[in-house]
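Student: First, the structure itself, so that you have it in front of you.
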Amino acid sequence: VLILCVIPGQDFPDVGIINFDKLVHSIMFGGLTYLFSRGFFKQTTYPYLNHHYLLIPVIGCSLYGGLLEVLQATVCINRAGDWMDFLFDALGSIAVGIILMLKKDLLFR
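Those letters in the sequence shown? Residues 1332 to 1440, by the numbering used here.
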């Protein structure tokens, strides 16, 4: 996720679909949230992480999305931070959190 978010903007192909990048942001951060949730759920060393297997990844991945947008705005070449990208990062994380809350069996596989 970090590498995809800091690659210079001109290196991405234009797919011609309006707001395609928003969908990509949601999928990336939703996937990251799923992986963290699954890891927290399956581990037994730290009971706190196991108990909060949804809350910590959803909040953490959303904040990580915000941090990457600040990084894009301040450090990255040919990239600009965007509030809408941050919003879709958070929406992707929240959507996966809700799906996992409703379908906990997805974490057992």
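Just so it is clear, CB atoms sit at the ideal spot from N, CA and C, and this is done for glycine as well.
#1: Can you tell me whether Val1406 is helix, strand or coil according to DSSP?
#2: Can you tell me whether Gln1374 is buried or exposed, with buried defined as 16 or more other CB within 10 angstroms of its CB?
#3: Identify every run of the alpha helix (DSSP H) within the stretch 1346-1409, keeping only runs that are complete inside it and at least 4 residues long; order them along the chain.
#4: Going by the CB atoms, is the gap between Ser1424 and Phe1360 shorter than 7 Å?
#5: Distance, Cα to Cα, Asp1413 vs Ala1404?
#6: Could you spell out the range, first to last residue, of the alpha helix (DSSP H) harbouring Val1427?
#7: Apply the 10 Å Cβ neighbour rule to Thr1364 and answer buried if 16 or more other Cβ atoms are within range, or exposed otherwise.
#8: Among the candidates Lys1353, Leu1418, Leu1402 and Ile1408, whose CA atom is the shortest distance from the CA of Pro1309?
#9: Helix, strand or coil, according to DSSP, for Ile1334 in the structure here?
Tutor: The answer reads as follows:
#1: Coil at Val1406, not helix or strand.
#2: By the neighbour-count rule (16 or more Cβ atoms within 10 Å), Gln1374 is not buried but exposed.
#3: Every unbroken stretch of the alpha helix (DSSP H) spanning 4 or more residues and falling wholly within the stretch 1346-1409 is given here in chain order: 1351-1373, 1378-1382 and 1386-1405.
#4: Yes; because the gap between Cβ atoms is below 7 Å, this pair is in contact.
#5: Going by C-alpha positions, Asp1413 is about 8 Å away from Ala1404.
#6: Here the alpha helix (DSSP H) through Val1427 covers Trp1414 to Leu1433.
#7: Classification of Thr1364: buried, given that the 10 Å Cβ count is 16 or more.
#8: The structure shown does not extend to residue 1309, since the chain is modelled only from 1332 to 1440, so the question has no answer here.
#9: Correct three-state label for Ile1334: helix.
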